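Listed in order, the protein sequences are those of chains F and Z. For the first sequence, my numbering puts the final residue at 405, and the numbers step up evenly by one. For the second sequence, my numbering puts the final residue at 405, and the numbers step up evenly by one. Glycine residues also receive a C-beta, built at the ideal position from the N, C-alpha and C atoms. Quick caveat: nothing in here was measured; it's all calculated off a predicted structure. Note sheet for the following structure.
There are 2 protein chains.
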Amino acid sequence: MATIYDVAERAGVSLATVSRVMNKNTNVGEKTKQKVLAAMAELDYRPNTFAQSLASNSSNSIGVLVSQLDGPYYGPMMAEIESALRAANKHVIIAVGHSDAAQEIDSVEFLLGRGCDALILDVEAVSDEYLIELSQGATPIVLINRYISEISERCIYLDNELGGYLATRHVLELGHRDIAYVSGPKRKHDANERLEGHKKALAEFDVVYKPSLCFEGDYKEDGGVVAMEHLLDSAQRFSAVVCANDQMVSGAISVCLERGLKVPGDLSFVGYDNIPFARYISPKLTTVNNPIHEMGKMAALWLLKNIYKNDQLEVTNVFVPELVVRGSARRPGNK
Amino acid sequence: MATIYDVAERAGVSLATVSRVMNKNTNVGEKTKQKVLAAMAELDYRPNTFAQSLASNSSNSIGVLVSQLDGPYYGPMMAEIESALRAANKHVIIAVGHSDAAQEIDSVEFLLGRGCDALILDVEAVSDEYLIELSQGATPIVLINRYISEISERCIYLDNELGGYLATRHVLELGHRDIAYVSGPKRKHDANERLEGHKKALAEFDVVYKPSLCFEGDYKEDGGVVAMEHLLDSAQRFSAVVCANDQMVSGAISVCLERGLKVPGDLSFVGYDNIPFARYISPKLTTVNNPIHEMGKMAALWLLKNIYKNDQLEVTNVFVPELVVRGSARRPGNK
DNA sequence: CTGCAACGTCGTAAATGGTAGCCATAAGTC
DNA sequence: GACTTATGGCTACCATTTACGACGTTGCAG
């Protein structure tokens, strides 16, 4: 492989000039520039990234840590991050934290050890303190899906409470009063925020929150199955079910269908996240839009702006969820 | 940050010895080893990966190029690759090719330029010749989802024709004779292979293949929608629809439901891929299992075995699809 | 008992391929 | 003639890996 020396020699210029041409910060005469460019092309020269990284102490790589890679949730986010970063010629190194504190920390260390210039983190298990301390280190971080007031400008997040509120208010406005809620895991921040929103909406309509109508799911389809079976078997009355994410809705609906219940005839459902599949499930899911892909993109832009000093980029930190009304919820008793 | 030099000094040994302790390939006396280890711990020493890469000319990173990151398909694959590689302390750099030749080639160059030790490629648009040539380069590659006879040992793939055959044979065995087929994009290898399997099954049952009953979709939900509308509007008779992937089935079913058609009462469906959602769609999808996550894992293991010389790893190149019978297909006329 | 080869252990120093800053020089500009 | 701009030529530096060689110990043959 050709080195920068070979290029310099072939172009008849010095090392320094070649370096100047590549890092177009200083002035180089047009003619010499062309000579150098020609030499680089002839030799099929590619700067050795290892050497560049060593000398400049930066790798042009961004570590992205997500909770999981499968499931409908993170794909769109990763896609946006990759494309935004790639356009800036940065590359993304991925790691998975599995919503487990030890694994999350381990992954952060791993990414740091790999010399990432910055980190995009979607972590759930790790403490606020850990993240605050981490943010004071040499490697900049951005948080997706999490709000920590001390480092709020590094947080890209959704107003989950508002989303939870919107979902429940929708069924309340339709006339439902007996509303079951399938929450996400209590250890997850967003799950609790969504639940708070749910409670807030109930309170606003003077409906008392019954813990017995709230079931803690796992954010997966199967959690919806288990929750629905539990709820149905508990012989409690309810005409609507609000789920903390769409995957659980789909699980829950599948149980209803199996038991001969009509959706939304007998039971109304509202989901959360607006995953791509939501519109192809039958009935089409009424849900709360979670612009996760935009948040991914924003995290990438934040980095580009703040780390690589690419200004003229506008970043928004907080995203507001919106209700997407489709067909899974309607007035009670209106079969 | 402490350097290897600091460690050497503190341990009272030379640079080389410290290096030897880290890369446990050569012999170091137990006593010195302990001294070095102690010094490293005291200084919280972490080798600088940039320098390691420069000196060793290897980065411990694997480039993974996939067609897309969103959708239900690649997530599980990426998850397996990441976990297998991470366990071996390698990291994965991702790139997206978008099923476009130019972008795929660009991504390969990008990954190569980043000094990846090896590449895992799931590419569709690029030619066999390109890949054969690439495989002769310095950087080893593994292909997922593609078979090229010249480099067959580097291919990890599914017998797609068999899968297509299985899907169609299933509805044939149920008694269907008028069978529509929604194919994937003709430019994709796997789409054509699946279609071949379909034709083979038809022939076996002496049913003539009608091009008018075959519609080219795009492998996405919306393609299923478009295909179904087209098929339904064409006023042709058919009692079963075989789709080249599950996403299109879900789109197709949503059209049927909207038009008041019962599934599988009026129309039977068979999908392909067995995506996680397949069992939560109503009716639960009868489909062909595509062990994409296992193939991802296998690709990673192949690399570990062949590049990093980690023997005692068994690798399988070809995976066989299996029919998963659930509820979306039944006998014709049996409502 | 001795001589020496083999071996394990460790240090020295040379790559590895760049970046970046400094200063000198030459040519062009006002 | 002072000033600016383009370029060359050095050199220090980045943190490792690795070839090569030195040194001491051991075991074995003569």
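- Val-394 (chain Z) sits close to Thr-356 (chain Z), with the two beta carbons spaced by under 8 Å.
- Scanning chain Z for C-beta atoms nearer than 8 Å to the C-beta of Gln-306 (chain F) yields nothing, as the closest lies near 24 Å away.
- Listed along chain F, no residue sits closer than 7 Å to Val-77 (chain Z) by beta-carbon distance, the nearest being about 16 Å off.
- Within the segment 302 to 381 of chain F, complete beta strand (DSSP E) segments of at least 3 residues are found at 310 to 313, 338 to 340 and 357 to 359, given in chain order.
- Of all residues in the segment 108 to 129 of chain Z, only Arg-116, Asn-118, Thr-119, Phe-120, Ala-121, Ser-123, Leu-124, Asn-127 and Ser-129 place a beta-carbon less than 8 Å from a beta-carbon of chain F.
- Put simply, the CB of His-161 (chain F) is near chain Z, with a gap under 8 Å to one of its CB atoms.
- Take the alpha-carbon of Tyr-235 (chain Z) and the one of Leu-371 (chain Z): they are about 29 Å apart.
- Not flagged as an interface residue toward chain Z: Asp-198 (chain F), since no C-beta distance is shorter than 8 Å.
- Residues of the segment 346 to 362 of chain Z whose Cβ lies closer than 9 Å to any Cβ of chain F, in chain order: Pro-346, Phe-347, Arg-349, Tyr-350, Ile-351, Ser-352, Pro-353 and Lys-354.
- Not flagged as an interface residue toward chain F: Ser-309 (chain Z), since no C-beta distance is shorter than 8 Å.
- As computed with DSSP, Leu-213 (chain Z) is found in a beta bridge with Z:Leu-191 and Z:Cys-225.
- Ala-399 (chain Z) sits away from Phe-308 (chain Z), with the two beta carbons spaced by 8 Å or more.
- Comparing alpha carbon positions, the residue from F:Tyr-279, F:Val-277, F:Lys-280 and F:Pro-255 closest to Gly-294 (chain F) is F:Pro-255.
- Judged by their CB atoms, Val-196 (chain F) and Ile-175 (chain F) are nearer to each other than the 8 Å cut-off.
- Against chain Z, the CB of Met-148 (chain F) has a partner CB under 8 Å away; the residue lies at that interface.
- Residue range 144 to 157 is occupied by the alpha helix (DSSP H) that includes Tyr-144 (chain F).
- Of F:Arg-257, F:Leu-272, F:Glu-274 and F:Ser-253, the smallest CA-CA separation from Arg-264 (chain F) is found for F:Ser-253.
- Contact between Ala-149 (chain F) and Gln-317 (chain Z) does not hold, since the beta-carbon distance rounds to 16 Å and is not under 8 Å.
- Residue environment: Ser-169 (chain Z) is assigned as buried (16 or more neighbouring CB atoms within 10 Å of its CB, all protein chains considered).
- For Ser-137 (chain F), the closest Cβ of chain Z is not nearer than 8 Å.
- Going by C-alpha positions, Ser-320 (chain Z) is about 24 Å away from Ala-297 (chain F).
- Gly-287 (chain Z) does not reach chain F, its nearest Cβ partner there being about 14 Å away, counting only Cβ pairs nearer than 9 Å.
- Scanning the segment 269 to 308 of chain Z from its first residue to its last, the whole alpha helix (DSSP H) runs of 4-plus residues come out as 291 to 303.
- Counting along the chain, the unbroken beta strand (DSSP E) around Gly-133 (chain Z) starts and ends at 131 to 136.
- Residue-level contact check: Glu-291 (chain F) touches chain Z, since one or more beta carbons of chain Z fall below 8 Å from its beta carbon.
- Beta-carbon to beta-carbon, Val-241 (chain F) and Val-340 (chain F) are separated by about 6 Å, close enough to satisfy the 8 Å threshold.
- Here the alpha carbon of Ala-121 (chain F) sits roughly 12 Å from the alpha carbon of Gly-183 (chain Z).
- The shortest C-alpha to C-alpha distance from Arg-224 (chain Z) to any of Z:Pro-210, Z:Ile-151 and Z:Tyr-350 is the one to Z:Pro-210.
- Under a criterion of Cβ atoms nearer than 8 Å, the residues of chain F adjacent to Val-166 (chain Z) are, in order, Ala-149, Glu-152, Ser-153 and Arg-156.
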